[in-house]
Amino acid sequence: MSTISSLLPSQNHYLEGYKGNHWKRGAVKELSLHILDVSENGINAGADLVRITVEEARTDNRLRIIIADNGRGIPAGLIQNVTDPFYTTRTTRRVGLGLSLFEAAARQCNGSMRVESMPGKGTSVTAEFEYNHIDRAPLGDMVGTLISLIIGYPDVEFEYIHTVNSRCFEMKTTDIKNMFDGRPVSDPAVFRKLRTVLQDGLTLLRKPG
Amino acid sequence: MARLTIDDLKKVKEKTAKETSLRYGKASIKVTVHMGTCGIAAGARDVMNSLMTEMAEADRQDIRVVASGCMGMCSSEPNVTIEADGEEPIVYQLMDANKMRQVFKRHVLLGEVQTDFALAKI
Chain W
2 MSTISSLLPS
12 QNHYLEGYKG
22 NHWKRGAVKE
32 LSLHILDVSE
42 NGINAGADLV
52 RITVEEARTD
62 NRLRIIIADN
72 GRGIPAGLIQ
82 NVTDPFYTTR
92 TTRRVGLGLS
102 LFEAAARQCN
112 GSMRVESMPG
122 KGTSVTAEFE
132 YNHIDRAPLG
142 DMVGTLISLI
152 IGYPDVEFEY
162 IHTVNSRCFE
172 MKTTDIKNMF
182 DGRPVSDPAV
192 FRKLRTVLQD
202 GLTLLRKPG
Chain Y
9 MARLTIDDLK
19 KVKEKTAKET
29 SLRYGKASIK
39 VTVHMGTCGI
49 AAGARDVMNS
59 LMTEMAEADR
69 QDIRVVASGC
79 MGMCSSEPNV
89 TIEADGEEPI
99 VYQLMDANKM
109 RQVFKRHVLL
119 GEVQTDFALA
129 KI
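The following block contains the structure:
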């Protein structure tokens with residue numbers, strides 16, 4: 002009987018490059034990662050405002066995620082192509098996976114995704130999920146996603162609205178930036194405040210009872 | 009002349025705030041985390057969050073952190089580029105939270121390039 006390692010070539014350069022935790026690479030396992038990805042589409046389309054809405058209607062067994070931006074929008078002729086993984090307008094590589102993966106994540110739990118766009122006004126991506134479906138990916142680290150976006154794109158304003166049944170948490174980056182008189186968001190003091198606001202807000206939202 | 013409304017005043021305030029934030033933005037080191045779909049799938053968000061935790065501890069005003077899209081080198085994601093004043097930008101490859109911590113403490117704070125993790129000089 003041979004073990005798996007003896008079947009592998011002794012000098013496998015592909016394996017060499019993927020040491021450590023990189024076996025886990027290439028997985029978008031959390032909905033919050035999709036949110037991060039789709040928000041960046043809007044920013045790359047020149048948006049300076051991105052509104053992220055997460056509606057957890059647990060009593061209706063429904064989860065809805067809306068990502069709306071005020072970027073340049075998608076021309077009418079191209080909108081049917083956006084979820085085609087082999088369609089992309091980029092030039093750095095030949096595939097465009099962001100929206101296709103998000104749609105797959107929605108479809109695998111009896112959900113759906115739609116993209117609406119007004120050229121010149123912006124785009125909104127709405128995904129619906131069956132909340133209790135066994136294949137619904139967890140929302141994951143939403144604080145991490147928001148911090149990455151807010152810090153990574155300091156010139157873009159973000160609005161985040163998260164509801165769980167009838168509870169609601171709202172955050173606008175303009176409010177936090179105003180508190181600190183235009184200091185950059187990566188300034189340690191601003192960042193700490195931002196993290197506390199998000200962490201506390203989301204913890205409160207999820208508190209049972 | 010039309011009268012100034014509250015909305016107009018708000019707009020003036022926002023515009024000024026934006027301009028001041030640009031003036032504040034005199035950074036001597038810029039750290040770019042590449043966060044395209046490929047980067048995100050490979051763990052760029054963890055890299056960004058560990059970077060920010062380090063930033064908050066270091067308490068330095070002259071380091072700027074930004075995100076950017078895919079560089080076209082998806083197989084070596086997560087990539088991080090560090091540009092220090094007067095030096096060639098260094099691209100790090102296959103980053104994770106721990107490597108980011110090391111690169112921040114050594115390269116960003118002390119200026120020692122971590123060649124083990126580096127992909128290239130640009």
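Taken in sequence, the protein lines are chains W and Y.
Each residue of the first sequence is one higher than the last, beginning at 2 in this note's numbering.
Each residue of the second sequence is one higher than the last, beginning at 9 in this note's numbering.
All residues carry an ideal CB built from backbone N, CA and C; glycine is no exception.
query                                                                                                                                             : result
Same chain, Cβ closer than 7 angstroms to V20 of chain Y, neighbours up to 5 away in sequence not counted                                         : none
Collapsed DSSP secondary structure at S58 of chain Y in the structure displayed                                                                   : helix
Beta-ladder partner(s) of F170 of chain W, from DSSP                                                                                              : W:H163
Cβ shell of E104 of chain W (< 7 angstroms), same chain only, five flanking positions each side left out                                          : T84 and M114
Any non-hydrogen atom of the ligand ADP closer than 8 angstroms to G141 of chain W Cβ                                                             : For the structure depicted, the ligand ADP is absent and the ligand set is empty, with no information on it obtainable.
Chain-ordered chain W contacts of N87 of chain Y [CB-CB under 7 angstroms]                                                                        : Those do not exist, as N87 of chain Y stays about 12 angstroms from chain W at its closest Cβ, beyond 7 angstroms.
S118 of chain W and I71 of chain Y closer than 9 angstroms at C-beta                                                                              : no
Under 9 angstroms from the C-beta of V29 of chain W: neighbouring residues of chain Y                                                             : T45, I48 and A49
Partners in chain W for M63 of chain Y, counting only beta-carbon separations shorter than 8 angstroms                                            : S187, P189 and F192
Where V88 of chain Y falls: helix, strand or coil (DSSP)                                                                                          : strand
Unbroken stretches of the beta strand (DSSP E), 3 residues or longer, contained in the segment 27-60 of chain W                                   : 50-58
Beta-carbon proximity of I48 of chain Y to D38 of chain W, cut-off 9 angstroms                                                                    : yes
For I53 of chain W and L8 of chain W, the rounded distance between their alpha carbons                                                            : Residue placement at L8 of chain W cannot be trusted, given a pLDDT of 42 that sits under 50; what the coordinates show is reported in the next sentence. Going by the C-alpha atoms only, they are around 48 angstroms apart.
Secondary structure of S125 of chain W, DSSP reduced to three states                                                                              : strand
Selected residue, minimal CA-CA separation from M79 of chain Y, among Y:F125, Y:E120, Y:L17 and Y:T45                                             : Y:T45
Closer than 7 angstroms at the beta carbon, the chain B residues around V99 of chain Y                                                            : Any reference to chain B falls outside this structure, whose protein chains are W and Y.
Spatial distance of K178 of chain W from L199 of chain W (CA atoms)                                                                               : 14 angstroms
Contact list for A75 of chain Y against chain W, beta-carbon separation under 7 angstroms                                                         : S149, G153 and Y154
Residue of W:E131, W:F159 and W:D142 minimising C-alpha distance to L203 of chain W                                                               : W:D142
Residue environment, A107 of chain W, which counts as buried when at least 16 other CB atoms sit within 10 Å                                      : buried
Nonlocal neighbours in the same chain, by C-beta distance under 6 angstroms from E85 of chain Y, ignoring five residues either side               : C46, G47 and A50
When W:K208, W:D182, W:Y132 and W:Y161 are compared against N62 of chain W, the one with the closest alpha-carbon                                 : W:Y132
Of the listed residues W:I80, W:V191 and W:G183, nearest to T124 of chain W (C-alpha basis)                                                       : W:I80
Neighbour list for M60 of chain Y in chain W, Cβ cutoff strictly below 7 angstroms                                                                : I148, I152 and F192
Identified DSSP bridge partners for V39 of chain Y                                                                                                : Y:V73 and Y:I90
Which of helix, strand or coil DSSP assigns to E165 of chain Y                                                                                    : Residue 165 of chain Y cannot be examined here, being either before or after the span of chain Y that is shown, 9 to 130.
Burial state of D136 of chain W, where buried means 16 or more other Cβ atoms lie within 10 Å                                                     : exposed
7 angstroms Cβ cut-off: residues of chain W touching V121 of chain Y                                                                              : Simply none; closest approach about 20 angstroms.
Within chain Y, the residues that N45 of chain W reaches when beta carbons sit closer than 8 angstroms                                            : G77
Chain W within 9 angstroms of D67 of chain Y, Cβ atoms only                                                                                       : yes
Contacts around I66 of chain W, its chain only, beta-carbon distance under 6 angstroms, and the 5 residues preceding and following it disregarded : V55 and A128
Closer than 9 angstroms at the beta carbon, the chain W residues around M56 of chain Y                                                            : G145, I148, S149, I152 and G153
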